[in-house]
Amino acid sequence: MSLRLTRLLPALAGAALLGAGCSTAPTTVDAQWINPEFAGKPPLRSLMVMAAVRDTTNRRLTEDRLAAALGALGVQALQSYRFLPEDGPAAEDRLRRAVAEAKVSHVLVTRIINVSTQVNVSPGMVMGPAWGPGWGWGGGWGPGWGGFAGYYNTMWATTIPPQVTTTQNVHADTRVFDAASAVVLWSAATTTTTGWGTTTQLIDQFVQLIVATMQKDGVI
10 MSLRLTRLLP ALAGAALLGA GCSTAPTTVD AQWINPEFAG KPPLRSLMVM
60 AAVRDTTNRR LTEDRLAAAL GALGVQALQS YRFLPEDGPA AEDRLRRAVA
110 EAKVSHVLVT RIINVSTQVN VSPGMVMGPA WGPGWGWGGG WGPGWGGFAG
160 YYNTMWATTI PPQVTTTQNV HADTRVFDAA SAVVLWSAAT TTTTGWGTTT
210 QLIDQFVQLI VATMQKDGVI
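Laid out in structure tokens, this is it:
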């Protein structure tokens with residue numbers, strides 16, 4: 010192996026790992042369901058979107074992105090924080106009042122179910138010049154020139170240490186409710202793998218996937 014190739018291999022290996030990570034969409038749909046009673050009915054035209062997350066900024070960012078994406082498709086979508094600005098649990102009558110003030114026919118709610126942690130380990134490797142078995146001294150001189158040359162040349166070997174990465178998988182559930190009856194018309198279970206971008210980028214991709222799936226299922 011040439012010295013130049015030896016020096017290039019670590020960079021190529023790193024690039025391959027990076028490319029593999031970037032080629033995977035952070036959010037995937039695990040399952041989806043549509044109420045048989047809703048199938049075949051006209052698509053929804055008005056929604057209040059709610060992101061039931063603990064962080065205020067992420068809640069508002071998610072609701073803004075959902076409202077914008079749905080609005081681009083002609084759906085009147087209103088953020089819940091406009092009618093329910095407080096964070097945390099809300100009593101049923103408070104939720105009813107917020108939905109009534111929004112004057113929408115349906116409500117889309119997305120919330121995190123749980124978060125799991127995944128540890129990935131990629132083995133390390135050693136690359137460098139090697140001197141084959143070659144000369145042999147025999148007798149009591151040990152393994153011969155092959156062993157001596159191998160020991161000596163390891164000084165110039167390139168070592169790639171093992172890499173340990175930890176990713177979190179965020180499992181979410183998104184549902185569309187009838188505002189009058191609270192009957193679930195549509196739902197989807199998703200998994201978002203963190204670590205591939207900023208929080209804003211993850212939210213954007215999540216929103217795009219949810220809206221595209223709703224459109225595909227004829228909900229909007």
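Numbering (the working numbering), first residue to last: 10 to 229. Even for Gly, the Cβ is constructed at its ideal location relative to N, Cα and C. Note that this is a predicted model, so its numbers are computed, not measured.
Check, Outcome
"Close beta carbons around Met134, own chain, < 7 Å, minus the five adjacent residues each side", "Ile169"
"Whole-angstrom distance between Leu211 and Val84, CA atom to CA atom", "23 Å"
"Min CB distance Asp226 to chain C below 8 Å", "No chain C is part of this structure, which consists of one protein chain only."
"Contact set for Leu75: own chain, Cβ-Cβ below 6 Å, skip 5 residues either direction", "Val58, Val216"
"Alpha-carbon to alpha-carbon, Thr175 and Ala77", "33 Å"
"Residue span of the beta strand (DSSP E) that contains Val118, given as start and end", "115-131"
"Residue environment, Ser131, which counts as buried when at least 16 other CB atoms sit within 10 Å", "exposed"
"Proximity winner among Trp195, Ala107, Gln214, relative to Lys225 (alpha-carbon distances)", "Trp195"
"Best match in Ile219, Val185, Asn178, Thr207 for proximity to Thr200 [C-alpha to C-alpha]", "Asn178"
"Proximity of Arg68 and Val62 at Cβ, strictly below 8 Å", "yes"
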